[in-house]
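Please read the structure below before turning to the comments.
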Amino acid sequence: MVNITSNSVIINRGDCFTYTLPVNTGSVLFPQIYNLLEGDKVYFHVSYPRHQYGLGVVIEKEADSSKQDEFGNVSIDFVNSDTATLFPGLYFMTAKLVKSDGWTYTILPKI
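The opening position of the sequence shown corresponds to residue 2 in our numbering, with each subsequent residue numbered one higher.
In structure tokens:
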């Protein structure tokens, strides 16, 4: 069972799932969907609660333009080996867009 809310995810050991998120460089009220260009990357981290970005990371995934659909959504696939050693429970998730020119954006979740 996987349960995803705005910035948290409940994962059980061995779960497989796909998480789809928009690449939004604007805000929740004024979204600006961004189509990934060559060299752009989306980094998705699942970490223990109450850790800074990049610390306490238990799963790190990466996506490029090949994982983006025509609506600007990026799909992140999780397989058994990604979650096989996790303790069932609540985790924090973050997603960052790093453009090829070095600019970094926090990707806001869907509401």
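Backbone N, C-alpha and C define an ideal beta-carbon position, used for all residues, glycine too.
Taking the C-alpha atoms as reference points, what is the distance between residue i and residue j?
{"i": "Thr107", "j": "Asn4", "result": "21 Å"}
{"i": "Val113", "j": "Glu39", "result": "Absent from the structure is residue 113, since the part of the chain shown begins at 2 and ends at 112."}
{"i": "Leu87", "j": "Phe93", "result": "13 Å"}
{"i": "Ser9", "j": "Leu37", "result": "25 Å"}
Skipping 5 residues on each side, what residues in its chain have a beta carbon closer than 7 Å to that of residue i?
{"i": "Asn81", "result": "Gly15 and Cys17"}
{"i": "Ser67", "result": "none"}
Output needed for residue i: all residues of its chain with C-beta closer than 6 Å, excluding positions within five of it in sequence on either side, in chain order.
{"i": "Phe45", "result": "Lys62, Ile77 and Ala96"}
{"i": "Asp41", "result": "Lys100 and Ser101"}
{"i": "Asn74", "result": "Thr21 and Pro23"}
What does the Cβ neighbour count give for residue i, buried or exposed, with the cut at 16 atoms within 10 Å?
{"i": "Gln33", "result": "exposed"}
{"i": "Pro50", "result": "exposed"}
{"i": "Leu91", "result": "exposed"}
{"i": "Thr84", "result": "buried"}
{"i": "Thr105", "result": "exposed"}
{"i": "Phe79", "result": "buried"}
Helix, strand or coil: how does DSSP classify residue i here?
{"i": "Ile108", "result": "coil"}
{"i": "Thr21", "result": "strand"}
{"i": "Ser101", "result": "coil"}
{"i": "Ser28", "result": "coil"}
{"i": "Asn13", "result": "coil"}
{"i": "Asn4", "result": "strand"}
Secondary structure, beta strand (DSSP E): runs of 3+ residues fully inside the segment 30 to 88: Uninterrupted beta strand (DSSP E) stretches at least 3 residues long and entirely within the segment 30 to 88 occur at 42 to 48, 58 to 64 and 74 to 79, given in chain order.
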